[in-house]
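Numbering (this note's numbering), first residue to last: 170 to 581.
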């Protein structure tokens with residue numbers, strides 16, 4: 170079966186949607202199918218995901234030129250500078266800039282149609298409502314190729330993206346199937362877009378790379394791990410505050426951070442002011458599967474205090490490595506972090522987050538039990554062996570339905 174995955178671009182370090190699409194493609198290739206990936210904007214030359222696709226012999230094509238992407242990146246930097254300079258008008262500047270980007274990407278509709286007519290995939294799989302998704306779905310509809318759309322986050326989140334989603338939701342009736350990563354997310358997607366029918370659950374795949382030996386850690390010291398962009402919505406500063414509170418009660422703990430972002434400098438400065446600089450290690454962004462597994466093997470408990478999430482890849486990766494989880498009860502996280510595998514805390518409740526860290530730092534038996542349960546849940550739900558049959562059955566159903574005249578005639 171020829172499956173074409175489509176995204177606007179690779180979004181940068183530790184992007185869940187990027188990881189999902191690359192893993193789907195690689196695992197389908199290994200299972201004997203013909204996956205390929207189409208990006209509107211070309212990736213950077215140093216993009217690690219490109220190397221993974223190349224190693225797996227998965228084809229990657231792009232529509233726009235490198236010059237186009239460079240121009241957009243330059244415009245984005247100017248936009249950020251303008252928003253910082255004219256703070257009262259920042260919302261208006263951002264809204265208008267998104268309209269400009271959206272309109273620019275619609276110019277690739279014709280070339281996308283030509284590409285689809287030339288390659289003729291059996292089914293197209295679009296992930297996330299990124300700026301190019303509307304154009305990609307319309308092009309697939311025009312060339313009579315069925316589309317599976319997969320929402321990997323929460324509709325209308327994060328805050329400030331409401332207009333983006335309103336524009337995107339208008340093309341969902343053109344899709345043969347609309348899916349989400351977990352039952353809670355599927356319910357939410359069906360609630361905000363009832364006109365497209367019930368959303369199906371299509372889990373992500375997390376390959377099993379749990380063969381990395383655990384490096385020796387300090388005896389009696391419990392290490393908490395965090396891996397995400399160092400941005401406000403991921404909660405790195407809230408994690409640091411909670412760690413500081415917990416450390417006052419139980420000093421035998423450390424924090425290790427993988428990621429980068431706009432709050433990196435603030436995180437470092439705050440750790441110094443709290444006197445915790447020696448207890449916090451920032452290891453940067455892991456770029457390979459081996460580096461990811463080495464990082465996951467380096468701590469005892471994984472923590473993710475995000476304010477908004479879909480179904481975080483990183484939680485499942487930690488579960489695959491047998492790690493207990495502490496996370497905020499947002500998005501699809503409660504579908505993953507049940508009482509047997511970790512502790513859920515209310516979003517933005519630093520005291521509750523600190524209490525959960527103290528509890529697990531003091532109870533090694535509980536950490537062990539939760540880690541075993543986390544690994545078991547991963548094996549049951551998120552391995553290639555568990556997910557690929559679901560994925561392939563969905564594609565086959567879509568292709569068969571389309572062949573029998575099931576394509577949408579909705580007008581946008």
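Cβ atoms here follow ideal geometry from the backbone N, Cα and C, with glycine treated the same way.
CA-CA distance, residue 228 and residue 191?
Each residue's Cα considered, the two are about 11 Å apart.
Which one or two residues does DSSP pair with residue 396 in a beta bridge?
Residue 396 is bridged to 427.
Let's test the definition: count the other Cβ atoms within 10 Å of the Cβ of residue 457 and tell me whether it reaches 16, buried, or not, exposed.
Classification of residue 457: exposed, given that the 10 Å Cβ count is below 16.
Got a sec, what are the start and stop residues for the alpha helix (DSSP H) residue 414 sits in?
405-418 is the extent of the alpha helix (DSSP H) around residue 414.
I want to check one thing, is the minimum distance from the CB of residue 562 to the heavy atoms of the ligand ZN below 7 Å?
No copy of the ligand ZN occurs in the structure displayed, which carries no ligand at all.
Which same chain residues end up closer than 8 Å to residue 422 when comparing Cβ atoms and leaving out the 5 residues on each side of it in sequence?
390, 391, 392, 393, 412, 415, 416, 448, 526 and 530.
Tell whether a beta-carbon distance below 8 Å holds between residue 496 and residue 485.
Taking 8 Å as the Cβ cut-off, residue 496 and residue 485 do not qualify as a contacting pair.
Between which two residues does the beta strand (DSSP E) holding residue 318 run?
Element bounds for residue 318: 316-320.
According to the Cβ coordinates, are residue 314 and residue 293 closer than 8 Å?
Yes, the Cβ-Cβ distance between residue 314 and residue 293 is below 8 Å.
To the nearest angstrom, report how far apart residue 578 and residue 319 are at their CA atoms.
For residue 578, the predicted structure reports a pLDDT of 41, less than 50, and the residue's modelled location is therefore unreliable. A value from the coordinates is still provided. Whole-angstrom Cα-Cα distance: 20 Å.
Specify the secondary structure class of residue 175 as computed by DSSP and reduced to three states.
Three-state result, residue 175: strand.
In three-state terms, what does DSSP make of residue 230?
Three-state result, residue 230: strand.
Taking the C-alpha atoms as reference points, what is the distance between residue 195 and residue 221?
Answer to the nearest angstrom: the Cα atoms are 8 Å apart.
Which stretch, first to last residue, makes up the beta strand (DSSP E) that contains residue 344?
Careful: residue 344 lies outside any beta strand (DSSP E) and carries neither H nor E.
Do residue 233 and residue 284 have their beta-carbon atoms positioned less than 8 Å apart in this structure?
Contact: no.
Nearest-angstrom Cα distance between residue 443 and residue 451?
Going by the C-alpha atoms only, they are around 16 Å apart.
Could you check if residue 178 is buried or exposed, using at least 16 other CB atoms within 10 Å of its CB as the buried criterion?
With 16 or more Cβ atoms within 10 Å of its Cβ, residue 178 is classed as buried.
When burial is assigned at 16 or more other CB atoms within 10 Å of the CB, is residue 469 buried or exposed?
Classification for residue 469: buried.
Could you name the residues of the same chain whose beta carbon sits closer than 8 Å to that of residue 515, not counting the 5 residues immediately before and after it, in chain order?
Excluding residues within five positions, the ones whose Cβ falls inside 8 Å are 497, 498 and 521.
Let me confirm a value: residue 382 is counted as buried when at least 16 other C-beta atoms fall within 10 Å, else exposed. Which label applies?
Note that residue 382 has pLDDT 49, beneath the 50 cutoff, so the model's placement of it is unreliable and the number below is only indicative. Flag for residue 382 reads exposed.
Going by DSSP, name the residue or residues bridged to residue 369.
BP columns for residue 369 point to 348.
What number of angstroms, rounded off, separates the C-alpha of residue 360 from the C-alpha of residue 492?
Answer to the nearest angstrom: the Cα atoms are 33 Å apart.
When you compare only the Cα positions, how much space is there between residue 508 and residue 494?
Spanning the two alpha carbons is a distance of roughly 10 Å.
Smallest Cα separation from residue 501: which of 517, 490, 482 and 519?
For the residues 517, 490, 482 and 519, the minimum Cα distance to residue 501 belongs to 482.
Per DSSP, what kind of secondary structure is residue 203 in: helix, strand or coil?
Three-state result, residue 203: strand.
Checking the sheet assignment: what are the DSSP bridge partners for residue 497?
Per DSSP, 514.
Rank 273, 331, 546 and 352 by C-alpha distance to the C-alpha of residue 304 and give the top, closest one.
Among 273, 331, 546 and 352, the Cα nearest to that of residue 304 is on 273.
Going by DSSP, name the residue or residues bridged to residue 471.
DSSP lists 394 and 494 as partners of residue 471.
Just tell me which of 410, 230, 455 and 546 has its CA closest to the CA of residue 435.
Comparing Cα-Cα distances from residue 435 to each of 410, 230, 455 and 546, the minimum goes to 410.
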